[in-house]
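A short write-up of the structure that comes next.
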Amino acid sequence: MIRLAMFLACLAPVMQSPAETLDVCPSGCTYFSIQNAIDVASDGDEILVGPGSYNDAGAQVVNTLGKALTLRSTDGPEVTFINAQYFRRGIVCINGEGPGTTIQGFTIINGYNEDGDGAAGMYIVDSSPTVLDCIFENNYSNLGNGGGLYADNASPLIVNCSFTNNRADSGGGMYLINGSTPSLSGCTFTGNEALGTSSSSGGGGGIRAELSSPTLSKCVISGNTSYDGGGIYFISCTEITVSDCTISGNTTSGYSGHGGGISLSSCAEVTISDCTISGNATSGSASDGGGIYLSSCTESTLSGCTIDGNNAGSGGGGMYIYDSDPTITDCLISSNTSNLNNGGGMYIGGGAPTLSGCTIDGNEADDWGGGMYIYDSDVAITDCSISDNTASRIGGGGMYIGGGAPTLSGCTIDGNEADD
9 MIRLAMFLAC LAPVMQSPAE TLDVCPSGCT YFSIQNAIDV ASDGDEILVG PGSYNDAGAQ
69 VVNTLGKALT LRSTDGPEVT FINAQYFRRG IVCINGEGPG TTIQGFTIIN GYNEDGDGAA
129 GMYIVDSSPT VLDCIFENNY SNLGNGGGLY ADNASPLIVN CSFTNNRADS GGGMYLINGS
189 TPSLSGCTFT GNEALGTSSS SGGGGGIRAE LSSPTLSKCV ISGNTSYDGG GIYFISCTEI
249 TVSDCTISGN TTSGYSGHGG GISLSSCAEV TISDCTISGN ATSGSASDGG GIYLSSCTES
309 TLSGCTIDGN NAGSGGGGMY IYDSDPTITD CLISSNTSNL NNGGGMYIGG GAPTLSGCTI
369 DGNEADDWGG GMYIYDSDVA ITDCSISDNT ASRIGGGGMY IGGGAPTLSG CTIDGNEADD
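Laid out in structure tokens, this is it:
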């Protein structure tokens, strides 16, 4: 008996309590507050939240406290709200949460913050939670960044979430900083706005990332606005992957705001594949890159993309490439326009880009280069079709070359027109 008692005593420390399920609902449950349930929960527990609108008296509605638990609504985000009531953050994960901290099926609404860090809807620092099937809506980071979600040195997995009508100085929908490596899949960013009035304080209506490595797959970024990078603004980032995404109907509002759909500056190892970038616009008279703006980027590749129907207030209706060496393969660049400058389809200034197997068709420039404007660049163009483009006022319906040493091989140039 003594030996058995000693054995059980030694075994006790390694035995774990079974996971529990805690119920939360506005009435009739053990807990009425999500936070109260989290406070008593342990790692491995599941908190099931019934339909209703939940708020709390603290600095945020929900703090997951570093616990590896599952917080899940029973009936989905359409009827289950984390409502910050316009004076606090919705959710914070700031205690080293890992992928085992899962948040699923909520609408995070009416978050507000006005300190320098930002983050109104969800604030993630030094953590990597899993966020599934959530809606981030009407959150406002006043004088800060990341209206919907802010991630600092964080690696969240975000799946099937929508970010709608969120506002901030930068990163209206989402702001990423300081080595963040988030993975986004099946997410939508619609109607978000970055309110700042310069590149440094107003980029990324949908998403802004700085010094980070985001991965986006099967996402839709549409109808967002900002000074720079109407849909997406990436600066000083590495290992960026954007695949099978639709980036459409985004706009920049600044006089020199670039990249209606996407703006990338000083980035490296950029991969954009199988994306549709359409109907985006830069509105300022000195704003370039209606669809894509690429400046001072290295090791960049674009493949299998459709860049269609974009408009630049200045140059590069479809794409504006400056001092960069991207490899562009099997892309369709069509029906883009540049209003006050050159390069209806593409503007290429400097660098040594490589284009192969691309179709550049039906683009229009107000000045030179309806299809392509090439200036001081060593671009290599192989097996491309450049057809039915128009330069409205000056010259180079299909292509204008002004310096550099471009090379063409196996290309078809046909049906282009220069009005003057």
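Residue numbers (the working numbering): 9 to 428. Ideal placement from N, C-alpha and C gives every residue a C-beta, glycine not left out.
Determine, using beta carbons only, whether Gly358 and Tyr408 come nearer to each other than 8 angstroms. The answer is no: Cβ separation not under 8 angstroms.
So is Ala413 buried or exposed if we call it buried at 16+ other beta carbons inside 10 Å? exposed
Spatial neighbours of Glu247 within its chain, please: CB distance less than 6 angstroms, with the 5 preceding and 5 following residues excluded, ordered by chain position. Ser221 and Glu277
Where Asp316 sits in the DSSP three-state scheme: strand
Going by DSSP, name the residue or residues bridged to Asp31. Leu56
N-terminal and C-terminal residue of the alpha helix (DSSP H) that Gln43 is part of: Ile42 to Val48
Terminal residues of the continuous beta strand (DSSP E) containing Asp97? In the sequence on display, residue 97 carries Arg and not Asp. Note, Arg97: beta strand (DSSP E), Arg97 to Cys101.
Rounded to whole angstroms, what's the CA-CA distance from Asn200 to Gly237? Just pull it up for me. 12 angstroms
Are the beta-carbon atoms belonging to Gly323 and Asn349 less than 8 angstroms from one another? Closer than 8 angstroms, so yes.
Rounded to whole angstroms, what is the Cα-Cα separation between Ile389 and Ser308? 16 angstroms
As a quick exercise: from Pro190, Ser295 and Cys392, pick the residue whose alpha carbon is nearest that of Leu224. Pro190
Tell me, please, which residues DSSP counts as bridged to Gly211. Asp236
From Ser41 to Thr78, what does the alpha carbon distance come to, in whole angstroms? The straight-line gap separating the alpha-carbon atoms of Ser41 and Thr78 is approximately 15 angstroms.
Hey, quick one: how far does the beta strand (DSSP E) through Ser281 stretch, first residue to last? Ala276 to Ser281
Express the C-alpha separation of Gly418 and Gly353 in angstroms, rounding to a whole number. 20 angstroms
What is the DSSP secondary structure of Val87, counted as helix, strand or coil? In the three-state reduction of the DSSP assignment, Val87 falls in the coil class, being assigned neither a helical nor a strand state.
Among Asp375, Asp369, Asp338 and Ala373, nearest to Thr362 - alpha-carbon criterion: Asp338
Within a Cβ cutoff of 7 angstroms, which residues of the same chain sit near Ser400, ignoring the five residues on either side of it in sequence? Glu372, Ala373, Asp374 and Asp427
Own chain, CB closer than 6 angstroms to Asn150, minus 5 neighbours either side, in chain order: Contacts found: Glu122.
Using only the alpha-carbon positions, how far apart do Ile55 and Phe197 sit? 28 angstroms
Whose CA, out of Asn232, Leu310, Ser343 and Ser273, lies closest to the CA of Asp331? Ser273
Mind checking whether Ser251 and Tyr241 have CB atoms under 8 angstroms apart? It is not a contact, given that the beta carbons lie outside the stated cut-off.
Are Gly214 and Gly181 touching if we call contact CB-CB under 8 angstroms? For the pair Gly214 and Gly181, the CB atoms are nearer than the 8 angstroms cut-off.
Straight-line Cα distance separating Gly297 from Arg97: 35 angstroms
Could you pull the start and end residues of the beta strand (DSSP E) that Arg401 belongs to? Segment: none, Arg401 is in no beta strand (DSSP E) and carries neither H nor E.
Unbroken beta strand (DSSP E) run spanning Ser136, endpoints: Unbroken run through Ser136: none, as it is neither H nor E.
For Gly129 versus Leu157, is the C-beta spacing smaller than 8 angstroms? Closer than 8 angstroms, so yes.
Check Gly124 in the structure and name its three-state DSSP category. coil
Between the CA atoms of Asn347 and Gln112 - distance to the nearest angstrom: Their Cα atoms are separated by approximately 45 angstroms.
Assigned exposure category for Gly124 - 16 Cβ within 10 Å defines buried: exposed
What's the gap between the Cα of Gly423 and the Cα of Cys313? When rounded, the distance between both Cα atoms is 23 angstroms.
Which residues does DSSP pair with Glu425 in a beta bridge? Thr398
Hey, would you say Ile300 sits closer than 8 angstroms to Leu340, going by beta carbons? In this structure, Leu340 does not lie closer than 8 angstroms to Ile300 by Cβ.
Please state whether DSSP places Ser332 in a helix, a strand or coil. Ser332 falls in the coil class under three-state DSSP.
One question on the structure: do Ser364 and Asp333 come within less than 8 angstroms of each other, judged by their Cβ atoms? no
Secondary structure at Thr72, three-state DSSP: helix, strand or coil? Assignment of Thr72 by DSSP, reduced to helix, strand and coil, places it in the coil class.
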